[in-house]
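Here the structure comes first, spelled out in structure tokens, and everything after it is commentary.
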Amino acid sequence: MVSVSVASDPPLRDARVSAAARAIDVVVRWGSDCVLAAVELSPPRSFFVGEDEGCDVVLPAEIVGASRAPVLLARWDGDVRAVVPKGARVVFDGEGKPMTPARAVARGLAEASRIYRDAAEVPLGPGRTIAVRLGPFTIEITGSDAAPRAPRAPVLSRRLGLSHLASVLLHLLVFAVVASRFQPILDDDFDGITDDDKFFIHQMLRRADEKEMEGLYAEEIAGFERRARRRQRRDRAEMDLEAAWMRSLQAAGERWSAEEFARARAGEPEDARDTGMIGLLYDRPPRPAPTVAPVAFDDRASSKATQAQARPGAMALSGRLPPEVVRRIIRQNFGRFRLCYENGLRNNPNLQGRVSVRFVIGADGAVSNVGNGGSDMPDGGVVACIVRAFHGLSFPQPEGGIVTVVYPMLFSPGG
């Protein structure tokens, strides 16, 4: 008896664990009918999209999620996997609804990527198609075994009847007659522009817009710098004017202090007879009046302005410093204060009032925290000038801390 052995059918293999594809077709679409790129990878290799150099297809980074992202990984051992990045949707073999990478992993259709975070990897075998959707872009990845492709079916099948062929020819003839009556559009600039060219033109226009915005930003920054330089020059001019004004005040104060000192020395016998405090009030030897260069301010005042009167009021002092010393030093600088008042008399010959200045004498004798202590002078410019003049005074170092002084002065035009 002859025995015949019959070979059994081979076991079926799951598509996910099938042999790796020996060729990969990658098609990148924009929308449904605009093809940006179509590449056949034989042998397979990694495929990247993004905006960095080295990407196979240029896609916006804000849509891809990175400047360079893989959609296909070909490893050294021949394993080929499609990568579904975070934020994308994937469709397997053109069936079912698009799903997220996490959903595909949960259903067992993909594996969690060990390299890229929140991404999924799908093994590619011959005949398998993976569609990855990134916003308006769709990346179709198809695996094959590099077998020769079957020729496409002809447009007109042999079974097409003669009647259908005649109908097609008649329609073509009608279209040719109608088209001959229209003027052809002679625009060579748009002849032969492919979808890839349109995409790259769009990219270049966007880059040009970015450069234009950079130019606008540069012009705005240059405008800020010009305004800053003008403001700096204006502030420097104001500082120079303020310094000249302070020098004028100092010169006038020295001149008037010399005159005041001379008058005080002339009245020393009377003061000795009445108070006996000459040594306390005037503890320095007499000196001649200094010669001061003329200042640049207008000194043409009326007769009343030249006879302006300035009298001290009741001083309030808190601290360990003799009041007589404070009064003496302030009286020595009365020229500064009288010059401020005389400038006010030029605008108002009947100007008069009280100017009260509050200031602090520090532990080193310097003046700080100078302010208005309750003045009733109607001219605010005169008050501000006198307050500024107190900044240049210097007193002996007080004992036991700072000294707070409120010093009033009464100003009136001469009669």
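The sequence shown begins at 331 in the working numbering and counts up one residue at a time. Backbone N, C-alpha and C define an ideal beta-carbon position, used for all residues, glycine too. Note that the structure is a prediction, hence the values are computed from the model and not measured.
With a cutoff of 8 Å on beta-carbon distance, residue 470 and residue 357 are scored as near each other.
Between residue 735 and residue 647, the C-beta gap is smaller than 8 Å, which places the two residues in contact. With a cut-off of 8 Å on Cβ pairs, the stretch 539-553 is not in contact with the stretch 387-402, counting fewer than three such pairs.
Going by beta carbons, residue 411 and residue 453 fall inside the 8 Å limit. By the neighbour-count criterion, in which 16 or more other beta carbons inside 10 Å mark a residue as buried, residue 468 falls on the buried side.
If only complete runs of 4 or more residues are kept, the stretch 424-483 shows the alpha helix (DSSP H) at 431-436, in order along the chain. Residue burial annotation: residue 640 is buried, with at least 16 other C-beta atoms found within 10 angstroms of its C-beta.
At a Cβ-Cβ threshold of 8 Å, residue 688 and residue 707 do not count as neighbours. DSSP places residue 670 in the uninterrupted alpha helix (DSSP H) bounded by 664-677.
Burial is judged here by how many other beta carbons sit within 10 angstroms of a residue's own beta carbon; residue 701 has fewer than 16 and is exposed. For the pair residue 421 and residue 443, the CB atoms are not nearer than the 8 Å cut-off. In the structure shown, the three-state DSSP call for residue 552 is helix. Pairing residue 723 with residue 643 gives a Cβ-Cβ distance that is not under 8 Å. Taking the Cα positions, residue 705 is about 34 Å away from residue 563. According to the DSSP assignment, residue 715 belongs to the alpha helix (DSSP H) that extends over 710-719. Looking at 649, 446, 401 and 474, the one whose alpha-carbon comes closest to that of residue 461 is 401. Taking residue 475 as reference, the option from 592, 374 and 445 with the minimal CA-CA separation is 374. Taking the C-beta atoms as reference points, residue 730 is found no nearer than 8 Å to residue 666. For residue 391, the enclosing alpha helix (DSSP H) stretches over residues 391-394. Listed in chain order, the non-local C-beta contacts of residue 686 below 8 Å within the same chain comprise 643, 702, 703, 704, 705, 736, 737, 738 and 739, local neighbours out to five positions each way being set aside. Within 10 angstroms of the beta-carbon of residue 573 lie fewer than 16 other beta-carbons, which makes it exposed. Taken atom to atom, the span from the alpha-carbon of residue 565 to that of residue 554 is near 16 Å. As computed with DSSP, residue 648 is found in a beta bridge with 734.
Bounds of the beta strand (DSSP E) holding residue 360 are 353-360. Rounded to whole angstroms, the separation of the alpha carbons of residue 694 and residue 677 is 39 Å. In the three-state DSSP reduction, residue 417 falls in the coil class, being neither helix nor strand.
If you look at residue 723, you'll find it isn't in any beta strand (DSSP E); DSSP assigns it neither H nor E. Excluding its 5 nearest sequence neighbours in each direction, residue 427 has C-beta neighbours in its own chain below 8 Å: 421, listed in chain order.
For residue 579, the number of other beta carbons within 10 angstroms of its own is at least 16, and it is reported as buried. Assignment of residue 684 by DSSP, reduced to helix, strand and coil, places it in the strand class. For residue 364, the uninterrupted beta strand (DSSP E) segment begins and ends at 364-371. Annotation: residue 506 to residue 495 spans about 17 Å, alpha carbon to alpha carbon. 8 Å or more divides the Cβ of residue 458 from the Cβ of residue 418. Here residue 699 is not bridged, per DSSP, to any residue. Comparing C-alpha distances from residue 527 to each of 366, 697, 451 and 445 shows the shortest one belongs to 366. C-alpha of residue 535 to C-alpha of residue 499: approximately 44 Å in a straight line.
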